[in-house]
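Novice: I am attaching a structure below and will ask some questions about it afterwards.
Residue numbers (the numbering used here): 18 to 210.
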């Protein structure tokens, strides 16, 4: 009979659900691997919960704890789910937050899409060029990112590298990985070196 009361009381269910989510995100923030593992083993779906619009894996990347990131990935957290508010993926967060090659490599190993664009149409490679992050840029290219990927305006990473001072290393890497320097953006513009 007590079990029936819980099923009839939606507030009770909400409260339990709320506290599980609270403890889940707290475990990510505090790097509490055993609690996180316990909640995931208990059936919490890490793909279905958000923390102020941010996905659990993106939050783990923000807190820079590779162990927590790998636990989430081992429990089938989707590395390609973008945040609801920004459209950023965990891979893009990693580039913007800390550029840890270990984190980026883990995300790639567990299936992160190297060319997935954010809400503004920028790929991980675009973010690397904009942020001047050469080592993650090189890693992404070596792992197979498309050197000719275009944003929503048709701008390639080569376009960005050619239009910014001090980006010759980016341009050289792009050429080495097969980038076409003559791709025009959607307005027909070719960028000069």
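Each residue gets a CB set at the ideal place from its N, CA and C atoms; glycine is no exception.
#1: Can you tell me whether residue 120 is helix, strand or coil according to DSSP?
#2: Pick from 192, 173, 195, 194: whose alpha carbon is nearest that of residue 203?
#3: Do you know offhand how far residue 42's Cα is from residue 92's?
#4: Quick check on residue 199: does DSSP put it in helix, strand or coil?
#5: Give me, in chain order, the residues of the same chain whose beta-carbon lies closer than 6 Å to that of residue 125; leave out the 5 immediate sequence neighbours on both sides.
#6: Are the beta-carbon atoms belonging to residue 166 and residue 143 less than 9 Å from one another?
#7: Alpha carbon to alpha carbon, how far is residue 123 from residue 100? Give it in angstroms, no decimals.
#8: What is the DSSP secondary structure of residue 139, reduced to helix, strand or coil?
#9: Residues in its own chain within less than 7 Å of residue 90 by CB, not counting five upstream and five downstream?
#10: Decide if residue 197 is buried, meaning its Cβ has at least 16 other Cβ atoms within 10 Å, or exposed.
#11: Have a look at residue 139 and residue 168 and give me their C-alpha separation to the nearest angstrom.
#12: For residue 199, count neighbouring C-beta atoms within 10 Å of its own C-beta (all shown protein chains included) and say buried if the count is 16 or more, exposed if not.
#13: Based on the DSSP secondary-structure assignment, which residues constitute the bridge partners of residue 173?
#14: Spatial neighbours of residue 104 within its chain, please: CB distance less than 6 Å, with the 5 preceding and 5 following residues excluded, ordered by chain position.
#15: Answer yes or no: do residue 44 and residue 53 have a C-beta to C-beta separation smaller than 9 Å?
#16: Under the DSSP definition of a beta bridge, which residues are partnered with residue 71?
#17: For residue 102, collect the residues of the same chain with a Cβ closer than 8 Å to its Cβ; drop the 5 residues on either side in sequence, then sort them by chain order.
Specialist: Inspection of the coordinates gives the following:
#1: helix
#2: It is 173 whose Cα lies nearest to the Cα of residue 203.
#3: When the Cα atoms are used, residue 42 and residue 92 turn out to be separated by approximately 15 Å.
#4: coil
#5: 160
#6: yes
#7: Roughly 19 Å between the two C-alpha positions.
#8: coil
#9: 96, 123, 127
#10: exposed
#11: Taking the CA atoms as reference points, residue 139 sits about 5 Å from residue 168.
#12: exposed
#13: 167
#14: 135, 136
#15: yes
#16: 68
#17: Apart from the 5 residues on each side of it in sequence, residue 102 sits with its Cβ closer than 8 Å to the Cβ of 69, 70, 71 in its chain, given in chain order.
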